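Structure first, then comments.
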Amino acid sequence: MQVKHLLLIAILALTAACSSKEVVDENLSEVELYQQAQTDLDKSSYTSATAKLKALESRYPFGRYADQAQLELIYANYKNAEPEAAKSAAERFIRLHPQHPNVDYAYYLKGLTSFDQDVGLLARFLPLDMTKRDPGAARDSYNEFAQLTSRYPNSRYAPDAKQRMIYLRNLLASYEIHVADYYLTRQAYVAAANRGRYVVENFQETPSVGDGLAVMVESYQRLHLDELANSSLETLKLNYPNHPTLVDGQFVPRVAEADNRSWLSKATLGLIESRPPLPPGETRANQDVMKQFQDAKDAIPAELKPKEGDAVEEQHEAEGNHSDRSWFSRLTFGVFD
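Counting from 1, position 322 in the sequence shown corresponds to residue 323 in our numbering; the numbering is continuous, with no gaps.
Take a look at the structure:
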């Protein structure tokens, strides 16, 4: 069935792309244009309705149906799967008619357009995890619904907008957790901890708060920040005792610790260890620099290396000469010594 749906979508898209732009009769009156647009909307002929509503607005900008045509143009573009045109029409109506009694409808359709834009045609027929996709449209939709509910709390569209905001908030929080898990797999523990803390601080009352605490515990443990790890773990145990990372009261990491051994060590099952594990706070780059310095020092021939007694004697002589020099010698850099 999914393949059939995709083929149907492709055929409809090609048909729409090949169809010519509808020409609206110039002799139609304002009432006739509005009535025909309403008929097209009832028949779900949104392309034809859009053309007639645009013609009505341009030919009769101060007519009795001008404001209503602008509102219904938002709806026609939204139903015709033209999100950018729908949002542009909504923003234009809000800018031109901020005190209109139905301006809350423009806010609602603007948020609804962003809400459906994030879904897309493929997601309607394929089992995609929306929490793993770019949340740009979801974030825009949440902000637009928030404007509606804050400016028009008694709007007839406010209850539906609030329910959608709950869904969007949970989705955005889950997305942050997915990003944090990715950072854990890449051993970017500071970034993972920051993402987890961001969820805990900004997405309270969402199911992802427990996951954010678990990410913080795991990240701090890998960074050997025991105090922060213990405090986060205690908070997790107190508020989410049944979290999947807690087994018999013990924390079990979500992501397995990365194996940083060389390929030779892995191939020989650890019999040949090319490099010992890093101590806390140490880096491979620092070890490499110190090794290069030691190798260069060891490569100096024995006859060129200063003896310990000679070095001390030369140092004392240099200090003595430096202290016995006159001010004239120092001023002329020893040229006339």
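Where is the CB? At the ideal position from N, CA and C, for every residue including glycine. The model shown is predicted, which means the values in this text are computed figures rather than measured ones.
If you measure between the beta carbons of residue i and residue j, is that distance less than 8 Å?
| i | j | result |
| --- | --- | --- |
| Y1 | A194 | As displayed, the chain neither begins before 2 nor continues past 338, which places residue 1 out of reach and without an answer. |
| G213 | I167 | no |
| A87 | I75 | yes |
| P136 | L185 | no |
| Y108 | E145 | yes |
| L229 | L237 | no |
| D227 | S156 | no |
| A38 | E73 | yes |
Once the 5 residues before and after residue i are set aside, which same chain residues still bring their CB inside 7 Å of it?
| i | result |
| --- | --- |
| A77 | L42, Y47, A50, T51, L54 |
| A192 | Y184 |
| G64 | E31 |
| A147 | M166 |
| Y199 | E177 |
| L234 | V218, F252 |
| G112 | S142, E145, F146, L149, A162 |
| N81 | Y47, T48, T51 |
| R140 | L173 |
| L169 | A139, S142, Y143 |
| H244 | G211, A215, L237 |
| S89 | none |
| H98 | D68, V104 |
Going by alpha carbons, who is nearest to residue i out of the options?
| i | options | result |
| --- | --- | --- |
| D161 | L172, L110, V210, T186 | L110 |
| Q251 | E219, E228, L224 | E219 |
| Y153 | Y190, N103, V200, D182 | N103 |
| V256 | R96, D227, D249, Q188 | Q188 |
| S232 | D299, A215, S45, N243 | A215 |
| Y344 | H101, S45, I301, R60 | Residue 344 is absent from the structure shown; the chain starts at 2 and stops at 338. |
Going by DSSP, which residues form a beta bridge with residue i?
| i | result |
| --- | --- |
| Q251 | V248 |
To which residues of the same chain is residue i closer than 8 Å at the C-beta, ignoring the five residues directly before and after it?
| i | result |
| --- | --- |
| V180 | R196 |
| P62 | none |
| P254 | E219, Q222, T246 |
| K1 | Here the chain comprises residues numbered 2 to 338, so residue 1 is not present and cannot be evaluated. |
Is there at least one Cβ from chain B nearer than 8 Å to residue i's Cβ?
| i | result |
| --- | --- |
| A67 | The chain labelled as chain B is not found in the depicted structure, where only one protein chain is given. |
Go through its chain and collect everything with a Cβ distance to residue i's Cβ below 6 Å, but skip five positions before and after it.
| i | result |
| --- | --- |
| A70 | L54, L57, E58 |
| N171 | T207 |
| F94 | Q71, A107 |
| F204 | A174 |
| V313 | Caution applies to V313, whose pLDDT of 49 falls short of 50 and renders its modelled position unreliable; the value that the coordinates give is listed next. Around V313: no qualifying Cβ. |
| L29 | none |
| I301 | none |
Would you grab the beta carbon distance between residue i and residue j for me? Rounded to a whole angstrom, and I think it's under 8 Å.
| i | j | result |
| --- | --- | --- |
| G211 | Y241 | 4 Å |
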